[in-house]
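Protein chains in written order, with this note's numbering: chain A, 59 to 404; chain B, 59 to 404.
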DNA sequence: TTCCCTATAGCAAACGTTTCCAGTTAAGAG
DNA sequence: CTCTTAACTGGAAACGTTTGCTATAGGGAA
């Protein structure tokens with residue numbers, strides 16, 4: 059058995075090529091290619107013979123060579139802001155399923171909330187010549203954003219981001235309506251001191267949530283109290299430190315909204331430190347029904363959006379872009395789901 | 059601006075190639091390649107000039123062409139049994155970080171607990187000519203396993219799987235020792251009716267856990283009661299239905315072990331149905347410290363293994379394989395971490 | 001001065017496909 | 001029977017790189 063093993067005992071990547079299939083079937087390279095790729099100009103007999111030989115030899119086409127020649131990689135890049143957020147796992151998963159159903163693979167890269175990493179990720183995906191990029195950007199005003207979203211490039215789908223002046227599709231969640239519903243609910247229950255912790259204003263979700271929050275107060279002829287807003291970071295550390303401050307405010311907040319996974323982590327820790335129980339001493343609402351909540355914390359009121367639908371929609375939009383259709387924006391609804399944690403506090 | 063936009067308004071993938079860089083810098087193709095790839099046979103002046111021109115034109119090398127020519131894709135495939143399990147998100151993430159630090163990208167594919175999917179996934183990754191595959195197999199005795207783990211192929215790292223007769227590396231967790239510790243703890247506390255729900259015997263973790271479980275009983279001169287074992291599935295449905303049965307046994311179990319994410323979900327639901335609280339009416343231990351537990355359920359006793367270390371180790375092993383080193387097995391320790399949930403029940 | 005060697009640069013083949021174009025055959029029309 | 005056409009098949013170029021080989025120039029040793 060010559061050439062079977064290298065000196066390290068590793069099998070050699072001595073894969074069978076289209077050339078060997080052609081030789082064994084005694085036909086031209088081009089005929090093998092056409093027979094296997096479903097090209098119409100092939101006789102039934104030819105197709106049958108080629109397929110038999112290909113199976114026999116265990117031929118598996120080289121996608122790298124196919125990509126180089128055809129200019130298409132059947133690969134989508136997925137740039138995620140912070141893979142720590144379990145929501146993204148869910149989102150990426152449903153997106154990958156939809157892509158796979160259409161014959162695409164996904165390369166997932168994590169920016170770790172860092173703009174430089176994000177820029178490198180875009181560059182990497184371009185070098186890999188992915189057919190499309192789905193991205194959850196760290197911020198909407200990074201200095202690299204023009205370069206990465208304009209210029210010569212593949213179709214792009216943004217997740218929950220609004221960037222002006224670029225030709226990209228987007229999936230946006232309508233956070234405003236769900237938050238409006240939630241805050242209205244609290245106000246009707248008698249809450250006035252409602253605290254809100256979430257990420258900074260340079261991303262769409264914060265703006266949309268804030269819009270719903272503000273409108274609920276306006277609708278009730280009340281004024282938002284700026285010192286109850288902690289708008290600055292999605293990470294748990296930010297939430298923890300600001301929740302501590304908020305809880306010691308006078309008068310203390312009677313309700314608190316956690317905008318995202320990090321906020322939920324930080325706030326719940328701060329509550330524990332202060333011996334406050336959600337739904338008793340303080341009303342609590344999580345913005346986003348995080349996947350782990352259903353396991354143990356099924357009493358937490360949330361503003362729900364269908365994360366898996368967002369992933370699927372992103373896949374659909376990117377496939378549309380690859381087909382040459384114009385970019386478009388798709389909006390996913392959100393709704394308030396009342397559970398025990400939003401009671402109490404008064 | 060000719061050629062800037064297609065009729066659909068999409069930017070054309072009119073990327074700059076090495077050829078254009080060569081033309082503009084007035085040097086040969088090969089010189090550009092060598093200058094940019096760090097080849098030694100290049101004068102400082104040449105390198106400088108080429109780099110300037112490349113930057114100026116915004117040249118980004120085509121990784122597809124590089125891969126075809128060099129036979130190396132700098133891509134690792136990650137086949138995951140069930141992406142629903144949040145543990146895999148953590149594992150994949152730490153693995154991806156380590157790979158990226160070494161210049162590799164990761165393609166993640168999900169088998170959804172289905173052997174056919176798994177087989178297709180392996181085939182896809184081979185076609186993509188990945189440099190290595192890290193895999194969490196659905197089962198150790200699938201009919202495709204020989205084909206996928208032997209034959210002409212790239213290096214392979216198995217996650218928590220033991221397959222005889224194949225030349226693959228593996229990262230194994232020593233579940234046995236942690237489970238032994240946990241069960242011994244329960245026995246010492248006076249428990250005799252200890253139930254155990256986990257996946258089927260055709261994967262290593264079950265066997266290792268069972269080994270620890272059995273040995274703890276043997277060490278205490280006690281007999282394992284087979285009807286307290288539900289060894290058959292990692293999914294929540296299996297766990298729920300079997301936990302229901304177990305809880306109605308006579309005598310009822312005083313303690314219960316949940317082997318994995320699905321078991322945890324199913325059992326905790328069954329407990330709730332029966333109005334049983336962990337740490338009070340029944341002692342409870344989760345095998346695997348699942349990532350979401352620390353958010354809200356920080357009172358759950360667990361058998362802990364460092365998931366991120368497993369991911370990193372898998373990356374290290376696959377890189378070793380690519381370097382041509384012999385496959386080897388790496389073992390990760392586990393330990394029992396006592397918290398409130400493992401009290402009570404007696 | 002001559003010779004050789006080193007450092008550097010260029011040419012061209014190759015990686016494994018797809019696809020354009022041209023050629024062949026057979027069938028159907030006139 | 002000849003011509004046209006349709007249906008297929010084969011040859012070869014091309015995709016964008018890397019890399020082995022060859023060529024040249026310049027410097028140092030003899």
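We put the beta carbon where it would ideally sit given N, CA and C, even for glycine.
### Query
By the criterion of Cβ-Cβ separation under 7 Å, what are the contact partners of residue 89(A) in chain B?
Per Cβ cutoff of 7 Å: no residues; residue 89(A) is ~20 Å from chain B at best.
### Task
Tell me, please, whether the CB atom of residue 154(A) is closer than 8 Å to any CB atom in chain B?
yes
### Query
Once you ignore the five residues that flank residue 188(B) on each side, which residues in its own chain have a CB closer than 7 Å to its CB?
Excluding residues within five positions, the ones whose Cβ falls inside 7 Å are 131, 133, 134, 135, 165 and 212.
### Message
Beta-carbon within less than 6 Å of residue 430(A)'s beta-carbon, same chain only, minus the 5 sequence neighbours each way: which residues are those?
### Response
Since the first residue shown for chain A is 59 and the last is 404, residue 430(A) is missing from the structure and cannot be characterised.
### Task
Give every residue of the same chain whose Cβ lies closer than 7 Å to the Cβ of residue 74(A), excluding the five residues on either side of it in the sequence, and list them in chain order.
115, 116 and 117
### Message
If distances are taken between C-alpha atoms only, which option among 329(A), 253(A), 231(A) and 330(A) comes closest to residue 388(A)?
### Response
231(A)
### Query
Can you tell me whether DSSP reads residue 362(B) as helix, strand or coil?
strand
### Task
Give the secondary structure of residue 167(B) by DSSP, where H, G and I count as helix, E and B as strand, and everything else as coil.
Strand, per DSSP.
### Query
Buried or exposed: which applies to residue 97(A), given that a residue is buried once 16 or more other Cβ atoms fall within 10 Å of its Cβ?
exposed
### Query
If the cut is a Cβ gap below 8 Å, which residues of chain A does residue 131(B) touch?
Taking a Cβ-Cβ cut-off of 8 Å, the neighbours of residue 131(B) in chain A comprise 122, given in sequence order.
### Message
Buried or exposed for residue 86(B), going by 16 or more other Cβ atoms inside 10 Å?
### Response
Label assigned to residue 86(B): exposed.
### Query
If you draw a straight line from the C-alpha of residue 289(A) to the C-alpha of residue 297(A), how long is it?
9 Å
### Query
If you run the structure through DSSP and keep just helix, strand and coil, what is residue 266(A)?
helix
### Query
Taking 8 Å as the CB-CB limit, is residue 353(A) close to chain B?
yes
### Query
So which residues of chain B does residue 339(A) contact, with C-beta pairs closer than 7 Å?
Correct list: empty, because the minimum Cβ distance to chain B is about 17 Å.
#### Entry: residue 254(B) - containing beta strand (DSSP E), residue span
Run containing residue 254(B): 252-256, per the beta strand (DSSP E) assignment.
### Query
According to the neighbour-count rule (16 or more other Cβ atoms, all chains shown, within 10 Å of its Cβ), is residue 343(A) buried or exposed?
buried
### Message
Quick check on this structure: which residue in 198(B), 310(B) and 236(B) has the alpha carbon closest to the alpha carbon of residue 218(B)?
### Response
That would be 198(B), whose Cα lies nearest to the Cα of residue 218(B).
### Counterpart residues of residue 229(A) in DSSP-defined beta bridges
217(A) and 388(A)
### Task
Please decide whether residue 350(B) counts as near chain A, where near means a Cβ-Cβ distance under 8 Å.
yes
### Query
DSSP state of residue 342(B), grouped into three classes?
For residue 342(B), the secondary structure class from DSSP, reduced to helix, strand or coil, is strand.
### Message
Which residue wins for smallest C-alpha separation from residue 375(A), given the options 366(A), 72(A), 386(A) and 365(A)?
### Response
386(A)
#### Entry: CB contact check: residue 141(B) to chain A, cutoff 8 Å
yes
### Task
Can you grab the Cα-Cα spacing for the pair residue 292(B) / residue 303(B), in whole Å?
17 Å
### Task
At 4 residues or longer, and completely inside the stretch 110-163 of chain A: list those alpha helix (DSSP H) runs for me, N to C.
121-128 and 144-159
#### Entry: Residues near residue 224(B) in its chain [Cβ-Cβ closer than 7 Å; skip 5 each side]
207 and 208
### Task
Could you name the residues of chain A that residue 165(B) contacts, counting a contact when the two beta carbons are closer than 9 Å?
By Cβ distance, chain A contributes 133, 163, 164, 165 and 166.
### Task
Kindly indicate if chain A contains any beta-carbon less than 8 Å away from that of residue 226(B).
Closer than 8 Å: no.
### Query
Can you name the start and end residues of the beta strand (DSSP E) that residue 190(B) belongs to?
190-193
### Query
Using a threshold of 7 Å, is the CB atom of residue 241(A) nearer than that to any non-hydrogen atom of the ligand MG?
Only the bare structure without any ligand can be found here, which leaves the ligand MG out of the picture.
### Query
Is there at least one Cβ from chain A nearer than 8 Å to residue 119(B)'s Cβ?
yes
### Message
I want to see whether chain A comes within less than 8 Å of residue 126(B), judged by CB atoms only; does it?
### Response
yes
### Query
Which of the residues in the stretch 377-404 of chain B, read from start to end, lie with their CB under 8 Å from any CB of chain A?
379, 382, 383 and 384
### Message
To the nearest angstrom, how far is the alpha carbon of residue 310(B) from that of residue 330(B)?
### Response
C-alpha of residue 310(B) to C-alpha of residue 330(B): approximately 16 Å in a straight line.
### Query
So which residues of chain B does residue 326(A) contact, with C-beta pairs closer than 9 Å?
353 and 354
### Query
What distance in whole Å lies between the Cβ atoms of residue 313(B) and residue 403(B), which are believed to be in contact at a cut-off of 8 Å?
5 Å
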